[in-house]
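Below: one structure, written as structure tokens.
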Amino acid sequence: MMKFNYIFGLFLLLFTTTCFALEQNEKLWLGINTQKSFSEESPWLYLISSELRFIHKNYPWQTAYLEGGLGRKILFNTRIWFGYRWSGHKPYHQFYQENRLFQQFIWPIHPNESVSFVSRSRLEEIMRANQSQIALQLRERISFEMKYRFVRRINPYFYDELFFRLNRTNYTSNSLLRENRLFLGINFHLSTTQFLEIGYINQYQSQTPLKQNQINHILSFIYNF
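If you want the numbering used here, it's the 1-based position in the sequence shown plus 34.
As structure tokens, then:
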């Protein structure tokens, strides 16, 4: 019964975001991530992440970003992170850059050997090169991975991430909920330290002064090591 309610909830979320969207796009995201400890016994961690994003339009290359962060393990396997992301947008037309600082708290939960949850709370300060105002947003993500003994390398993987507006700017949405991303896919484990995250993202973006409500259908491929 719980599984049915969970699946029904996912379809309801997909249906409601589609109903309120005025524009739909197809996109492709390709990324690479690494997250490691500085040594086996060190509580300090680092991450490096990069991604290219494309859209099915005349000028397909939409975004590129590079992100780095420093983290530390604290109580109960929780982690705190501080980092920076640079991103370039629309390189073929009206190019602009963004610089953002982020602070995040990650809390993994493992109720048993076959199920794992990860909660991520992330605060971002976004500085757009062609704007004077700084946008503040809070991102809340819950991810869920299932592990099966009879399929050791392929695990179903899902997450839902909400983006909340914390202040008003000239270039961001006036809605409290700026964006929602629902991911449905798999983690394909190549080894104990490497895996591919492959799946579909249903992305809802609320209206801004520069664009209308959008629903985006995204194929996502991310290599993690």
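Positions of the beta carbon are idealized from the N, C-alpha and C atoms, including for glycine.
These figures come from a predicted structure and were not determined experimentally.
Any idea which residues DSSP pairs Ser155 with across the strands?
Phe139 and Glu174
ask   = How many angstroms separate the CA atom of Ile41 from the CA atom of Ser166?
value = Bear in mind that the predicted position of Ile41 carries a pLDDT of just 48, short of 50, making it too unreliable to give a figure here.
**Message:** Less than 6 Å between C-beta atoms, sequence neighbours within five positions excluded: which residues of the same chain meet that for Phe151?
**Reply:** Ile143 and Phe178
Exercise. Excluding the five sequence neighbours on either side, which residues of its own chain have a C-beta within less than 7 Å of the C-beta of Phe88, listed in chain order?
Worked result: Lys61, Leu62, Pro94, Trp95 and Gln96
| message | So, does the region 178-197 touch the region 220-230, judging by three or more C-beta pairs under 8 Å? | response | yes
Measuring only the C-alpha atoms, how far is Leu157 from Leu253? 26 Å
Query raised in the report: By DSSP, does Asn111 sit in helix, in strand, or in coil?
Result: helix
Name the DSSP bridge partner or partners of Asn59?
Asn250
Contact belief for Arg215 with Gln237 at Cβ below 8 Å, rounded distance in angstroms
5 Å
Exercise for the section: Give the DSSP bridge partners of Ala169, in chain order. Expected result: Ile160
Check this for me: beta carbons of Phe255 and Leu135, under 8 Å apart or not? no
Rounded C-alpha distance that separates Asn250 from Glu75 = 42 Å
- Determine the direct distance from the alpha carbon of Val149 to that of Met36, and round the result to whole angstroms. Note on Met36: pLDDT 46, under 50, position unreliable in the model; no value is reported.
- Task: Tell me, to the nearest whole angstrom, how far the beta carbon of Trp141 is from that of Gln131; I am working on the premise that it is less than 8 Å.
- Result: About 32 Å separates the two Cβ atoms, so there is no contact after all.
Legend entry - C-alpha gap between Ala98 and Pro125, whole angstroms: 9 Å
Does Gly117 pass the burial test, meaning 16 or more other C-beta atoms within 10 Å, or should it be called exposed? buried
Simplified DSSP state of Tyr205, which is helix, strand or coil = coil
| message | Checking 8 Å against the spacing of the C-beta atoms, do Tyr205 and Leu172 come in under that value? | response | no
For Tyr191: DSSP bridge partner residues: Glu179 and Gly219
| query | Would DSSP call Phe116 helix, strand or coil? | reply | strand
* **beta strand (DSSP E) segment containing Leu86, residue limits** => Trp78 to Ile89
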